[in-house]
Amino acid sequence: MILLNENYLKLPGSYLFSTIAKKVAAYQQEHPNEDIIRLGIGDVSRPLVPAVVEALHKASDEMGRAETFRGYGPEQGYAFLREAILKHDYLDRNIALEADEIFVSDGAKSDVANFQELFDVSCKVALQDPVYPVYLDTNVMAGRTGNFENGRFGGIVYLPCTEENGFIPDLPRERVDLVYLCSPNNPTGAAMTRSELKKWVDWAAQHNSVILYDSAYEAFITQPDVPHSIYEIPGAQKVAVEFRSFSKTAGFTGTRCAYTVVPKALQVYDRAGKPHALNALWLRRQTTKFNGVPYIVQRAAQAVFTPMGQAQIRSVIEVYQKNAQVILQALQAAGLQAFGGVNAPYIWLKTPNGIDSWTFFDRLLSKARVVGTPGVGFGACGEGYFRLTAFNTPELTQAAASRIAHLTF
Ligand code: PLP
Numbered sequence: 001m002i003l004l005n006e007n008y009l010k011l012p013g014s015y016l017f018s019t020i021a022k023k024v025a026a027y028q029q030e031h032p033n034e035d036i037i038r039l040g041i042g043d044v045s046r047p048l049v050p051a052v053v054e055a056l057h058k059a060s061d062e063m064g065r066a067e068t069f070r071g072y073g074p075e076q077g078y079a080f081l082r083e084a085i086l087k088h089d090y091l092d093r094n095i096a097l098e099a100d101e102i103f104v105s106d107g108a109k110s111d112v113a114n115f116q117e118l119f120d121v122s123c124k125v126a127l128q129d130p131v132y133p134v135y136l137d138t139n140v141m142a143g144r145t146g147n148f149e150n151g152r153f154g155g156i157v158y159l160p161c162t163e164e165n166g167f168i169p170d171l172p173r174e175r176v177d178l179v180y181l182c183s184p185n186n187p188t189g190a191a192m193t194r195s196e197l198k199k200w201v202d203w204a205a206q207h208n209s210v211i212l213y214d215s216a217y218e219a220f221i222t223q224p225d226v227p228h229s230i231y232e233i234p235g236a237q238k239v240a241v242e243f244r245s246f247s248k249t250a251g252f253t254g255t256r257c258a259y260t261v262v263p264k265a266l267q268v269y270d271r272a273g274k275p276h277a278l279n280a281l282w283l284r285r286q287t288t289k290f291n292g293v294p295y296i297v298q299r300a301a302q303a304v305f306t307p308m309g310q311a312q313i314r315s316v317i318e319v320y321q322k323n324a325q326v327i328l329q330a331l332q333a334a335g336l337q338a339f340g341g342v343n344a345p346y347i348w349l350k351t352p353n354g355i356d357s358w359t360f361f362d363r364l365l366s367k368a369r370v371v372g373t374p375g376v377g378f379g380a381c382g383e384g385y386f387r388l389t390a391f392n393t394p395e396l397t398q399a400a401a402s403r404i405a406h407l408t409f
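Each residue of the sequence shown is one higher than the last, beginning at 1 in full-length UniProt numbering.
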């Protein structure tokens with residue numbers, strides 16, 4: 001008899017997107033002539049920009065010639081990409097890091113999922129609620145939680161993000177070892193200001209805690225008081241790991257490239273109290289379990305940092321930012337209260353008259369033929385909220401907005 005990792009059995013089925021798909025399919029079957037617009041997806045709709053495509057072609061040609069062919073590359077990424085990231089995202093913002101503190105990977109999802117391996121199973125974890133589900137589920141798999149009861153896992157410290165706190169979590173009242181912060185946030189669209197983030201960095205320094213900072217939506221920040229990196233906050237290099245991705249920044253959701261910053265100043269301790277650099281541990285982990293991102297993809301990611309690449313990705317991001325404004329205006333016209341959409345591609349609306357998230361889903365589908373995501377799918381505090389995304393095409397976003405603007409719920 002082979003015993004399984006029973007922690008996996010603690011996970012409730014991930015019904016959210018399959019339930020949505022089933023409901024949409026059933027509706028479509030009953031109303032075959034109606035066109036449904038999807039504002040539920042967290043995937044981009046614009047293609048890769050020309051600078052990226054050109055780099056992909058060029059690198060593919062190199063791979064086809066004996067003189068320029070590449071086999072296995074460095075697990076932590078080629079120097080050309082790490083240097084480009086370092087210069088553009090850190091040194092140019094007056095953040096002093098080094099290239100060997102940057103680890104290129106195939107996605108922020110895998111990195112935020114895997115990083116918890118470096119910590120003891122007894123570490124206490126805090127999470128925002130509502131939350132991107134990967135942080136929680138991977139800690140459940142690792143055995144860092146109790147069972148799932150009444151919508152919550154035992155052993156996890158949930159940090160409610162509500163209208164009252166502007167969807168920015170309050171500091172935990174109890175001892176926590178690891179905290180996942182996502183800013184700009186999926187699903188609420190809220191982004192932490194410099195002073196809000198400073199509170200967290202100071203708290204982590206004071207309590208010897210580690211912040212796992214997911215900044216996958218950094219490219220959508222518009223407000224000057226919202227930092228682009230946690231390392232803009234003094235002292236953060238001693239307490240924080242930062243996760244970034246090319247997925248939403250440059251349309252790489254299907255191309256796969258991301259990176260994680262693990263400063264050498266960030267230390268954790270063994271049972272004897274001896275300090276160890278997380279940077280060296282993550283290098284050990286990656287070189288053992290990961291064989292790097294394809295050369296052609298890293299060349300494509302490098303092209304994002306050229307002046308041409310930057311201009312092109314900015315114009316794509318602006319398309320999504322305009323979509324967000326179009327959605328926000330439509331919600332306002334329909335008398336709905338909405339949040340986010342300013343520093344993030346997500347709009348978090350409050351369901352009217354206290355109806356629950358799934359009832360709102362059904363009404364939006366039947367009245368406007370628009371699909372979104374029920375907030376409760378992201379955590380208990382998401383009940384009574386609903387997520388719309390700005391990632392669809394401008395045409396379909398406008399069409400959905402026109403339908404929504406005239407609704408009464
Ligand atoms: N982090 C957050 C908050 C996300 O919303 C997503 C994707 O939706 C990711 C990470 C995953 O990014 P990647 O495509 O780089 O794996």
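Backbone N, C-alpha and C define an ideal beta-carbon position, used for all residues, glycine too.
Between the C-alpha atoms of residue i and residue j, what's the straight-line distance to the nearest angstrom?
| i | j | result |
| --- | --- | --- |
| T193 | G166 | 11 Å |
| Y78 | Y213 | 23 Å |
| V52 | L281 | 32 Å |
| A390 | K274 | 47 Å |
| I221 | E67 | 42 Å |
| S183 | V293 | 25 Å |
| G189 | F103 | 26 Å |
| Q128 | L181 | 7 Å |
| V210 | T145 | 18 Å |
| P130 | L56 | 37 Å |
| E75 | F246 | 18 Å |
| N185 | A191 | 6 Å |
| E98 | E30 | 58 Å |
| P224 | V342 | 12 Å |
| V226 | S215 | 12 Å |
| A401 | A300 | 34 Å |
| P187 | V134 | 13 Å |
| R333 | V326 | Per the sequence shown, residue 333 should be read as Ala rather than Arg. Cα-Cα distance, rounded: 11 Å. |
| Y164 | D170 | One detail in the question is off: residue 164 reads as Glu in this sequence, not Tyr. Approximately 11 Å, taken between the alpha carbons. |
| W348 | G377 | 13 Å |
| M308 | A113 | 33 Å |
| H276 | K289 | 20 Å |
| I168 | I404 | 28 Å |
| A96 | V176 | 28 Å |
| A338 | Y346 | 10 Å |
Determine whether the beta carbon atoms of residue i and residue j lie at a separation below 7 Å.
| i | j | result |
| --- | --- | --- |
| E242 | V261 | yes |
| N139 | K10 | no |
| A108 | Y217 | no |
| L283 | V268 | no |
| K350 | L407 | no |
| V121 | G155 | no |
| R46 | G335 | no |
Please determine, among the options, the residue with the shortest C-alpha to C-alpha distance to residue i.
| i | options | result |
| --- | --- | --- |
| L159 | S402, G382, V371, A401 | G382 |
| Q321 | E6, K248, G64 | K248 |
| K238 | A26, A204, T253 | A204 |
| A311 | I37, H31, L48, L328 | L48 |
| D100 | P263, Q206, A25 | P263 |
| T373 | D106, Q267, Y15 | Y15 |
| G254 | R173, V297, P227, R271 | V297 |
| G340 | Q332, L328, A333, A334 | L328 |
| I313 | E34, V125, A219, G143 | A219 |
| V201 | A272, V179, A26 | V179 |
| E174 | L364, A303, H207, E164 | H207 |
| G375 | T306, I355, N392 | I355 |
| R244 | C257, N323, I20 | C257 |
| A330 | H276, L388, G379, T19 | L388 |
| K58 | R363, L118, Q302, Q286 | Q302 |
| Y295 | K87, M63, K22 | M63 |
| R38 | F290, I404, F153, V371 | V371 |
Against chain B, does residue i count as a neighbour if the rule is that its beta carbon must be under 7 Å from one of theirs?
| i | result |
| --- | --- |
| N165 | Structure shown: chain B not included; a single protein chain is present. |
Whole runs of the alpha helix (DSSP H) within the segment 118-204, excluding any shorter than 4 residues | 133-141
Could you pull out every unbroken beta strand (DSSP E) segment of at least 3 residues lying fully inside the segment 251-333, listed in chain order?
-> 258-261, 267-269, 275-277
Can you check the segment 31-84 for any alpha helix (DSSP H) of at least 4 residues that lies completely inside it and give the ranges in chain order?
-> 50-63
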